[in-house]
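Protein chains in written order, with our numbering: chain L, 111 to 630; chain P, 12 to 239.
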Amino acid sequence: MALGLAALLFIVLCALPVFYMLGVSLVGADGAFSLNHYFRLFAEVRQLDLFLNSLLLATATSLLATAIGAPLGVLLARADLPAKRALRILLIIPLAVPPYVMGLAWIYMGSDSGIIAQATGRDFLSPLTYSLTGAVIVLSVSFYPLAMLAAEAAARGVDARMEEAALLVAAPRRVLWRITLPIAAPSIAAAALLIFVLALSEFGVPGLLRVPVFTTEVFTAFSALYDFGAATALAVPLLALALMAGITARFMIGERLLVGRRGARNRSPLSLNSRRAGLAVTIALALFVLLPIAALALETGRAERMILALRSSVEAITNSLTLAFVGATMAALIGLLLGYARARMHRFAGTVDLAMIVAFAAPGTVIGVGLIGLWNRPGLMEEIYRSRLIILIAYLARLIPVAALILAAGARQVPASFEEAGEVAGAKWTRVFARITVPQMRAGIIAAWVVSFILAFGELGATVLVAPPGQATLPAHIYTLIANAPSGEVAALALTQSAVVMTLLALFAVFVFREKRLHS
Amino acid sequence: MNDSFLRLVNIVKRFGRREVVRNLSLEAAEGEVVALLGPSGCGKTTVLRVIAGLEAPDEGEVWIAGRKVASDGINIEGPRARHVGFVFQDLALWPHMTVAGNLDFALASVSVARRERAARITEALRMARIESFASSYPDQLSGGEQQRAALARAIVSRPGLLLLDEPMSSLDTELKGELIGEIAALQRSLQVTTVYITHDRAEAAALAHRVAILREGRIERIDEIASL
């Protein structure tokens, strides 16, 4: 019953907006089946540019982010670095901070009076600020932690015996290149694909840096031109690309998507030069974490401006915190049931994974337009559409697939025999689930909640479309302020957004540290 | 001066506070096969890893072919310089390379010319009776075939010392018997000094000239198999 309800919620909240977009794109002005929207779009030369821009942005981001993240991950796995856990958390900050905040930092950093121009006395970044290259750099900084985490986990998963067998004949560097990295490669490639999908569906950064791509075009077609048909048809190539990337990733790493590689049984004999590794990590922290925060702080200027900005945005901040809290809690609960069902599933497992990946990859603006089309109807639905509940629904549409994927991985770690022992002892399924399975998945549930909260708190693409007047969240509020308010106020709010996320990340790090100490 | 090819002198190895190898001394003459026999956890594998240079002994010395390669906590020569062949208990075949690729990596790493590599690979595969699987990947092989591939990889670089760590623990009795015979024949033709780890007396008897019985990190007895 509970599992059925969770599946129903997934279908209604996550799958329906996507299918709705597909359906509407195939209906003409007279209500009959028609490919007119597509003919109209593909007849425009501009669409080809749009397609190329989107593809270029996603591909270049995926390559650059992996080029930054994968070596850092290998260093974290193989170099003897002090305070490694703290370093890892610090290096994850750019992923936790919403990409558009990093985009704002980039704008302030690169301006002719920005931190770079001030420090070097030369203004060489401003021509790049509002460009495709700029968007690639910002998104690569935002997403490199994904490649880093994947590479670290994969390198740790390489059996030490394989490396030892090679060390008998080869130098450590050769062993790293020929044995460790090729074995870890599928996981790193899957992370690169995930980054590709995320960059493809990202709206905030290209919107901010004025790079026309499919996501920004969906937004413009809908909110400026109110061309619903065009907005839906534009979403289809995006979804198709996301689906292809999802299928490739699924085939590439198979069940590892859920299981995660078994940890190496032995301590790796490969140890990289810790001084050089320390230098590389320090440079990464300075460039990707300290510099953006410093740029935002510098733009904010005085502390009074921060207080002033906070006072004027109390409602948006409260709104964001409340909705992200409720959204993350609901997503974790629904994701728990869905993830559990997926983990214990034998048939259709691949299809369910794909559905979740595509639902996760669906861009915020696509979900936003889909939700408006679905919920903007007379009666109770309109009541919901005009309230904050629609933002919550948008959050759930985006968060449930992520939470479910994380918790499916968690559920796979609980041996089925634990539950069978409970059942043999005479307990009902609900009791076994609540008393045996869920406690074993505690760390996964908290991780899913934290990830969901961070994503909800920074959600922009869908919220900016569905938020009712006067009910904006912090990201939507900042996005509308960018054009009409002094940059100091915008920077102050972006800094607040980052501070909330970093506090949560720090708390989570303390939790993980305590858990590990408890188990060791 | 001592004419042993391999000589371990008063080796001590600790992991944290636990002393895994305790004052162990062992010698093997050139071409001799010595089996280390003992129950799980008695330190057999650690001794082999110390010989290979994968662990440094906390105390004592390791000599190979007249060279002191480790002494009191320091590996004077690393694993590569010791020129040993090693068959790991779980075989550790590199999954992303074919059988021939596994062998080629070992040879290319010690700078053997390409033309010679091909000939050496064919020879090693033939000796391990696995030549028809040269282009197969490890996961396409059966347990016994994987065993042969690991053995071929260990001998392809013509090592001075062959170390075998319970290589047949996962095989069924029939296959084990067949492979023991083959390893014995291979050893006789190569005349390579070999240290063989096992907890199976029959295996030790079939292969070794001498058997050392290990208990709690110490050699309890060492003698020819007939005397034991």
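By construction, the Cβ of each residue, glycine as well, lies at the ideal position given by its N, Cα and C atoms.
Of the other Cβ atoms in all chains shown, fewer than 16 fall within 10 Å of the Cβ of T540/L; this residue is therefore exposed.
Listed along chain L, the residues sitting closer than 8 Å to R91/P by beta-carbon distance are L277, L278, V279, A280 and A281. Identification of chain P residues near E274/L by a Cβ-Cβ cut-off of 9 Å yields R60, A63, L65, P90, F97, F99 and A103, ordered along the chain. Separation of R159/P and D176/P (C-alpha to C-alpha, rounded to the nearest whole angstrom) is 14 Å.
Taking C-alpha positions only, L397/L is separated from V251/L by approximately 9 Å. DSSP places V32/P outside any alpha helix (DSSP H); the residue lies instead in the beta strand (DSSP E), whose first and last residues are R29 to A39. By the C-beta criterion, the region 239–256 of chain L is judged not to be in contact with the region 266–273 of chain L, since fewer than 3 inter-stretch pairs fall below 8 Å. Within chain P, the residues placing a beta-carbon under 8 Å from that of I293/L are W105, P106 and H107, ordered along the chain. For P379/L, the nearest beta carbon of chain P is closer than 8 Å to its own beta carbon. Three or more beta-carbon pairs separated by less than 8 Å are not found between the region 49–56 of chain P and the region 71–90 of chain P, which leaves the two stretches without contact. Shown here, T239/L sits in a helix according to DSSP, grouped into three states. For the region 125–201 of chain P, the full-length beta strand (DSSP E) segments reaching 3 residues or more read 172–176 along the chain. When secondary structure is reduced to three states using DSSP, N86/P falls in the strand class.
Proximity of chain L to S120/P at the Cβ level (cut-off 8 Å) is accounted for by A276, V279, A280, A281 and R284, in chain order. Looking at L214/L, L603/L, G220/L and V246/L, the one whose alpha-carbon comes closest to that of L418/L is L603/L. Listed as beta-bridge partners of F97/P by DSSP are L174/P. A direct Cα-Cα distance of roughly 49 Å separates S497/L from T230/L.
The continuous stretches of beta strand (DSSP E) do not include L136/L, and DSSP gives it neither H nor E.
As the crow flies, the alpha-carbon of L174/L is around 22 Å from that of R360/L. Chain-order list of chain L residues neighbouring A135/P: empty, with the shortest C-beta distance near 13 Å, by a criterion of under 7 Å. W74/P is bridged by DSSP to R18/P and K79/P. Here K55/P is buried: its Cβ has 16 or more other Cβ atoms, across all protein chains shown, within 10 Å. Considering only A145/P, E30/P, R199/P and R25/P, the residue with the shortest C-alpha distance to V110/P is A145/P.
Interface annotation for the region 159–172 of chain P against chain L: S168, criterion Cβ-Cβ distance under 7 Å. For R496/L, no Cβ of chain P is located within less than 8 Å of the residue's own Cβ. Under the 8 Å criterion on CB atoms, R288/L is classed as interfacial with respect to chain P. Excluding the 5 residues flanking it on each side, I178/L has same chain C-beta neighbours closer than 6 Å at Y254, in chain order. Contact annotation: S608/L and V211/L have beta-carbon atoms nearer than 8 Å. Boundaries cannot be given for L191/L, as no beta strand (DSSP E) includes it and DSSP labels it neither H nor E. Counting only the Cα atoms, K24/P lies some 28 Å from A213/P.
The Cβ neighbour count for W287/L, taken over all protein chains shown within 10 Å, is under 16; the residue is labelled exposed. Rounded to the nearest whole angstrom, the C-alpha separation of I510/L and G155/P is 47 Å.
Interface with chain P (8 Å Cβ-Cβ cutoff): R188/L is excluded. Chain-order list of chain P residues neighbouring R271/L: F99, D101 and A103, by C-beta distance under 7 Å. The Cβ of A117/P sits closer than 8 Å to at least one Cβ of chain L.
Following the DSSP letters along the chain, one finds V476/L inside the alpha helix (DSSP H) bounded by residues G474 to W485.
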